[in-house]
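Here the sequence shown is numbered in this note's numbering, starting from 744 and rising by one per residue. The beta-carbon is built from N, C-alpha and C at its ideal position, and this holds for glycine as well. Being a predicted model, the structure only gives us computed values, none of them experimental.
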Amino acid sequence: MYTSRISGLGSYVPENVVTNDDLSKIMDTNDAWIQERTGIKERRHIKKGDGNSTSTMGVKAAKIALERANVSTDDIDLIIFATLSPDMYFPGGGVRVQEMMNMRTIPALDVRNQCSGFVYALSVADQYIKTGMYKNVLVIGSENHSGGLDMSTRGRAVSVIFGDGAGAAVVTRSEEDGKGILSTHLHSEGAHAKELSLEGPSTDHWVPEIIAENPQENIPYYPYMNGQFVFKNAVVRFSEVINEGLQANGLSATDINMLIPHQANLRISQFVQKQFRLSDDQVYNNIQKYGNTTAASIPIALTEAWEQGKVNDGDLVVLAAFGSGFTWGSAIIKW
Ligand code: UT7
């Protein structure tokens, strides 16, 4: 049986920094509220004309990951692209990456699992490698939120949280026993689908219907979040799925060297940190700089942690995510 390991990581965020004070100029919000409730100080937003899109950011992150993995585009057997904000309604972002990176006619698979997108995508890559079907899988999480947010006061509870960016990982076949991706653990609970959702445009809400049926104050093509409900579920599911992953491998919280939680809210990460009695240097957070970048948040954070020398050979690295769906998951990795 093969094992799979992350052989290269890369990330990219747009240059345009949007501070909390910048937002307070266009909606009724303020730096103190945003920092206290979320930990966010600033985020990156694509600027019209700066050449960035969900796919192009994904390509930029992917090129760095390939170089660090020391593989060429010819070595990649499959692209898995996780996003909730593809450039087009269809097709998804994977085929755009395939075209932009000139990757022959290799398959491109899109994953629609929002904040859990990267963990789900990693799990798919892991299975293809462990079965022996593929040797190198390029996994990308990328999001362009800024273009689709309600930047008026009406949307403030959601819009201040999300940011743009991309992260990528090359997942590679390995024969080193006991190392690499040990296991992944995935869950969903569709009963809460509407608690964090964007309903239209979709086949439930075609654009002409939206325009005909909805007064301006009730537009279903902006994201909706029942913040407190999501928060309460997040803290429970994060802990459950981390424990599930540890137990599956006969490990405990004291074995964790680095926890990379999806960057949903600094208060959520701190709650989870306390539950597992981890120190500040055992949990990587960068929501302060980027906000919540959904499917991109874990690969951006993992890339930064690795770049800063916080993820080393032999470390136990735990990835954990929760978000819209609801979906959640964890990955237990021996680096
Ligand atoms: O990544 C996917 C998973 N996502 C999450 O896990 C997010 C989970 N939820 C959260 O992080 C938090 O619920 C939020 C950060 C979204 C909101 O924080 P909260 O402490 O739950 O605030 P709230 O929604 O209960 O709102 C409290 C007050 C309200 O005013 P009133 O009704 O008390 O007068 C809001 O209108 O804060 C007001 N408010 C704001 N004020 C200033 C909401 N958004 C803002 C804002 N600036 N941006």
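Counted within 10 angstroms of its Cβ, other Cβ atoms place residue i as buried (16 or more) or exposed
i: Asn1008; result: buried
i: Glu886; result: buried
i: Ser889; result: buried
i: Arg847; result: exposed
i: Met744; result: exposed
i: Glu1047; result: buried
i: Met831; result: exposed
i: Lys1077; result: buried
i: Gln990; result: exposed
i: Gly792; result: exposed
i: Asp1023; result: exposed
i: Lys803; result: buried
i: Val901; result: buried
i: Pro958; result: exposed
i: Gly933; result: exposed
Beta-carbon separation (whole angstroms), residue i vs residue j, contact threshold 8 angstroms
i: Val914; j: Leu865; result: 7 angstroms
i: Asn763; j: Glu785; result: 7 angstroms
i: Tyr1027; j: Ile1003; result: 5 angstroms
i: Ser747; j: Gly923; result: 5 angstroms
i: Gly908; j: Ala1039; result: 5 angstroms
i: Ser1073; j: His948; result: No, Ser1073 and His948 are not in contact; Cβ-Cβ is about 33 angstroms, not under 8 angstroms.
i: Arg899; j: Thr772; result: 5 angstroms
i: Phe1019; j: Ser931; result: The Cβ separation is near 23 angstroms, so there is no contact.
i: Ile807; j: Gly753; result: 3 angstroms
i: Ala912; j: Val882; result: 5 angstroms
i: Ser828; j: Ala1064; result: So it is not a contact: roughly 16 angstroms between Cβ atoms.
i: Leu939; j: Val973; result: 5 angstroms
i: Ile789; j: Asp820; result: Contact doesn't hold; Cβ gap of about 30 angstroms is too wide.
i: Pro1042; j: Gly943; result: No, Pro1042 and Gly943 are not in contact; Cβ-Cβ is about 29 angstroms, not under 8 angstroms.
For residue i, three-class secondary structure by DSSP
i: Pro850; result: coil
i: Ala775; result: helix
i: Lys806; result: helix
i: Phe1069; result: coil
i: Val731; result: The structure shown has nothing for residue 731, since the chain only spans 744 to 1078.
i: Phe1019; result: coil
i: Gly837; result: helix
i: Thr946; result: coil
i: Arg855; result: coil
i: Lys922; result: coil
i: Pro958; result: coil
i: His888; result: coil
i: Gly933; result: helix
i: Lys1032; result: helix
i: Ile1075; result: strand
i: Thr826; result: coil
i: Ser796; result: coil
i: Met844; result: coil
i: Ala996; result: helix
i: Ser1012; result: helix
Start and end residues, alpha helix (DSSP H) containing residue i
i: Pro1042; result: 1040-1050
i: Leu989; result: 970-991
i: Ala900; result: 899-902
i: Phe861; result: 860-873
i: Leu766; result: 763-767
Opening and closing residue of the beta strand (DSSP E) in which residue i lies
i: Leu1059; result: 1059-1066
i: Glu785; result: 785-787
i: Tyr964; result: Note, Tyr964: premise wrong, no beta strand (DSSP E); not H, not E.
i: Ser754; result: 746-755
i: Val913; result: 908-917
i: Ile819; result: Neither: Ile819 is in no beta strand (DSSP E) and is coded neither H nor E.
i: Met1001; result: 1001-1004
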